[in-house]
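Let me begin by presenting the structure, written as structure tokens, before commenting on it.
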Amino acid sequence: MNGAESNKLKPALIAGLAAGAASSIPPLSCLNVCCCALVIGGGFLAVFLWLKDSPRRPEPPYGDAAILGLLTGVFGAFAATVISVPINMLFSGMGWMDMSQLHEALEGANLPPEAVNMIEGFISGGGLTIGAILIGLVFNLVIYAIFALIGALIGVAVLHKKQLGGAAPPPPPVG
Amino acid sequence: MRLERNLPYWLLVGASFAWVGLVFLAPWARSRGWPGAELLYAVFDPVCHQMPWRSFAAFGQPLGACHRCTGLYTGFTLGLLALPYLPKLRGFLLERSRMILLFFVPLAVDAMLLGINTYLSRFLTGLVAAFPVGLFVWAAASQLYRPNLPTVSEGTT
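Going down the list, the protein sequences come from chains X and P. For the first sequence, the positions run 109 to 283 when the working numbering is used. For the second sequence, the positions run 849 to 1005 when the working numbering is used.
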């Protein structure tokens, strides 16, 4: 494994930050309820960035992609946790919306009571304590690592281009 | 690519069963009034909307994940279990790995039919989409476990 192949840190960092940021910013973060689509997309993006600068191989590098996905998930989890703190404070602490007005509006929309509760909970935000942030980080680390790994493996399955004729990969550009 | 049902494979199968088990454990724990039940639901909260009217119910409570996510997790586990016995499909998927996208087409179409789709269509399209994904996780685990194995063009067990 040469330097270019082993350099997974940069694509993992870029894709992890992108996935973490997107997962923290409402309403974009709502896409994650589609089975963590943003995190899976982050893993996919990391593989795209990594394969762009890697030589072609005879078979898809699933093992390396799995490591890349795990790294992306770890960076994404930290990014999501850090970015979500000020966003939660903004949404829950500043009283940006009168909750009684919101409740009336939701009741008028003929939604099921569970949906009303869910939207109100989302808008009002939860309690923001150090403990809650740390528990959130642990959950994020597990979830993001799993789903970014799957995204990376789907990415390598789709984006990998086979090395033709078993020839040696071209040397990296100089300068 | 040579794939074997070795330790990583069985660990993957175990982890997949555990994950699907958590989906069913959450309502069981809530129905019994266990304090940890909400923690189990919280595990799936970041990855699923958990809307009760779009989730199967067990023990009088909604499952930890919605119809589609339950289908995805079940499909992943089923794929891991079934693909060792489907060498032609396995070889085809490993040889033409882009074909994995075809398995996601029904899910994408079903997701776009927001007002028309049913609990069965959501579950089944999720199941189909995730069925081949386990193969690539298995391939990754095999490469990491024995990265210097000689390779052949089609999968064997």
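Glycine included, C-beta positions come from ideal geometry on N, C-alpha and C.
Here Gly244 of chain X is near Thr189 of chain X, since their CB atoms are less than 8 Å apart. Per DSSP, Gly912 of chain P lies in no alpha helix (DSSP H) segment and is marked neither H nor E. Residue contact check for Ile964 of chain P against chain X: no CB pair falls below 8 Å. In this structure, DSSP gives Cys138 of chain X a helical state, which the three-state scheme calls helix. In the three-state reduction of the DSSP assignment, Arg853 of chain P falls in the coil class. Our two residues, Ala253 of chain X and Leu178 of chain X, have alpha carbons roughly 5 Å apart in a direct line.
DSSP lists no bridge partner for Cys143 of chain X. Distance from the CA atom of Asn965 of chain P to the CA atom of Arg902 of chain P, rounded to whole angstroms, is 11 Å.
Closest option to Ala127 of chain X, judged by alpha-carbon separation, among X:Val264, X:Val266, X:Asn248 and X:Ala265: X:Asn248. In the three-state reduction of the DSSP assignment, Lys269 of chain X falls in the coil class, being assigned neither a helical nor a strand state.
Those residues of the segment 114 to 144 of chain X placed with their C-beta closer than 9 Å to a C-beta in chain P are Ser131, Cys138, Asn140, Val141, Cys142, Cys143 and Cys144, ordered along the chain.
Residue state for Arg946 of chain P is assigned as helix, using DSSP reduced to three classes. Met849 of chain P counts as buried, since no fewer than 16 other beta carbons sit within 10 angstroms of its beta carbon. Put simply, the CB of Leu992 of chain P is near chain X, with a gap under 8 Å to one of its CB atoms. Among the CB atoms of chain X, one or more fall inside 8 Å of the CB of His897 of chain P. For Val182 of chain X, no chain P residue has a C-beta closer than 8 Å to its own C-beta; the minimum C-beta separation is roughly 15 Å.
Secondary-structure assignment with DSSP links Ala906 of chain P through a beta bridge to P:Gln909. Taking C-beta atoms as the reference points, Leu159 of chain X and Leu242 of chain X fail to come closer than 8 Å. Listed along chain X are Phe247, Val250 and Ile251, each with a C-beta nearer than 9 Å to that of Val891 of chain P. In the three-state DSSP reduction, Arg970 of chain P falls in the helix class (H, G or I).
Any Cβ of chain P closer than 8 Å to the Cβ of Ile238 of chain X would place that residue at the interface, and such an atom is absent.
Nearest CB-CB separation between Gly259 of chain X and chain P: not below the 8 Å threshold.
When P:Ser879, P:Cys896, P:Pro883 and P:Gly912 are compared, the shortest CA-CA separation from Val868 of chain P is found for P:Gly912. About 31 Å separates the beta carbons of Pro134 of chain X and Val264 of chain X, which is beyond the 8 Å limit, so they are not a contact pair. Counting C-beta pairs closer than 8 Å gives three or more between the segment 922 to 940 of chain P and the segment 964 to 983 of chain P, which meets the contact rule. Scanning X:Ile238, X:Pro194, X:Ala173 and X:Leu117 for the CA closest to the CA of Phe183 of chain X turns up X:Leu117. Within chain P, the residues Ser945 have their CB atoms less than 7 Å from the CB of Pro168 of chain X, given in chain order. Closer than 8 Å to the CB of Met849 of chain P there is at least one CB belonging to chain X.
Between Ala989 of chain P and Leu920 of chain P, the C-beta spacing is not below 8 Å. Taking 8 Å as the cut-off, the beta carbon of Cys143 of chain X is found closer than this to the beta carbon of Val895 of chain P.
Among the CB atoms of chain X, none fall inside 8 Å of the CB of Ala866 of chain P. Neighbourhood of Ile241 of chain X in chain P, by CB distance below 7 Å: empty, with the nearest CB roughly 14 Å away.
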